[in-house]
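To start, the structure itself, in structure tokens.
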Amino acid sequence: MITTPRGTCGREVALHEVGCGGARHPMRAAGDDVGVEYVSRVPRPPLEGLIDDLYYLEGAPPYSRLILPAAPAPLLIVNVGMPFLIRAGTAVEAAEYVDGCVVTTPTRAWEFSYPPRTRSVGVHFKPWGLAPFLPMPAADLCDRPATVAQIWGQAAIAELRDRLTTADAPHEMLTLLEDELTRRLREIDGLDLVRQTSSAIAATGGAVPISDLGVAGRASSTYVARRFKAVIGVTPKRLARSYRFTSTVLAIDVAAPIDWADVAARAGYSDQAHFVHEFREFTGLTPTRYVEVRRRFLRDHPGHVLDGWPLPAD
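In our numbering, each number is its position in the sequence shown, counted from 1, plus 5.
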């Protein structure tokens, strides 16, 4: 399944997702009462500074098609079930992913289509965390999800999937994935600068002006933007926009009346029109339509592990 915000807003959301900087549990699981088995844990050093959590997912999705609003949440999924479909960026048709997928920070909503029953292990990265496992700049994959084979090679992913499918339990599968990531970890130029700047952006929910971060004292704005594109896939300004939007939307109580002008003003948008424009860009929906769809999810699947970020597209 798919989660979103985890290092972004202080609220845990479960399934191909985004981080929020909130409290994290060493192990988290959801039972059959929500239609899926979901197990997650924080990785050991040296991966804990790059990854929010590793997770295992198996079960029937709440909807066959889900919309994932854009958020600062790189993701890697190793699929050990039936293929799934992804439609991202400006693509008209969805593409099939058999072995899994790799997703860098998106700039617009993307669509994920599940088989009747899904099974996978995956990684919810911090915004800067995926880069040390990529053979190319993150910007090359922006709004263009790759298969895992395109990243690690067909033979390597085939071997990993074979080991995962013969593992005895979810915890063993997560250990196999963690060992693979540790083996593939490599140094990235400018990673510390990007991490520190991104963390400062996240701490303010994207509300701080980039010029106030003091980055210029350590490196030129051109260098910082170049490293951000290579490590995260987007510029610091775009990352801040993503954090601000994600933080704003996840704070909305869709069960209560909403004063959209007040929401926009509190989030620091110049006016409501600006906020609506951001809403369309990041979700593909108007604010009013978003609330309708979110309420539908809450009504159809109360307490579901996926509640919080994915939206039904059916």
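Backbone N, C-alpha and C define an ideal beta-carbon position, used for all residues, glycine too.
- Straight across, the Cα-Cα distance linking Arg191 with Val259 is about 42 Å.
- Here the segment 156-168 does not lie against the segment 87-101, with fewer than 3 beta-carbon pairs under 8 Å apart.
- Exclusion of the five residues before and after Tyr248 leaves Thr13, Pro77, Ile206, Ala207, Gly210, Gly211 as the residues of its chain whose Cβ lies within less than 7 Å of its Cβ.
- Residue range 56-64 is occupied by the beta strand (DSSP E) that includes Glu63.
- Classified as buried, Tyr61 has 16 or more neighbouring CB atoms from the shown chains inside 10 Å of its CB.
- In this chain, Leu52 is not harboured by any beta strand (DSSP E), its DSSP state being neither H nor E.
- Burial check for Pro121: the Cβ neighbour count within 10 Å stays below 16, so the residue is exposed.
- Linking Arg166 to Ala318 through their CA atoms gives a straight-line distance of about 29 Å.
- Counting every other CB atom within 10 Å of its CB across the protein chains shown gives Glu283 a total of 16 or more, marking it as buried.
- As computed with DSSP, Ile91 is found in a beta bridge with Ala100, Phe117.
- Sorting Leu311, Leu169, Gly64, Val108 by C-alpha distance to the C-alpha of Gly134 places Val108 at the top.
- CA-CA distance, Asp173 to Val44, rounds to 14 Å.
- About 4 Å separates the beta carbons of Asn84 and Gly105, which is inside the 8 Å limit, making them a contact pair.
- Cys106 has Ile82 as its beta-bridge partners, per DSSP.
- In the three-state scheme derived from DSSP, where H, G and I count as helix and E and B as strand, Arg189 is classed as helix.
- Sequence-distant partners of His306 (beyond 5 residues in either direction) whose C-beta falls short of 8 Å from its own C-beta, in its chain, are Val39, Gly40, Pro67, Asp312.
- DSSP links Arg149 through a beta bridge to no other residue.
- Residue range 123-130 is occupied by the beta strand (DSSP E) that includes Phe130.
- One Cα belongs to Leu244, the other to Pro111, and the distance between them is close to 10 Å.
- Counting only the Cα atoms, Phe280 lies some 9 Å from Ala266.
- Note on geometry: alpha-carbon atoms of Gln277 and Phe287 lie some 15 Å from one another.
- Taking the Cα positions, Pro150 is about 7 Å away from Ala93.
- A distance below 8 Å between beta-carbons, with the five flanking residues on each side excluded, links Arg285 to the following residues of its chain, in chain order: Thr291.
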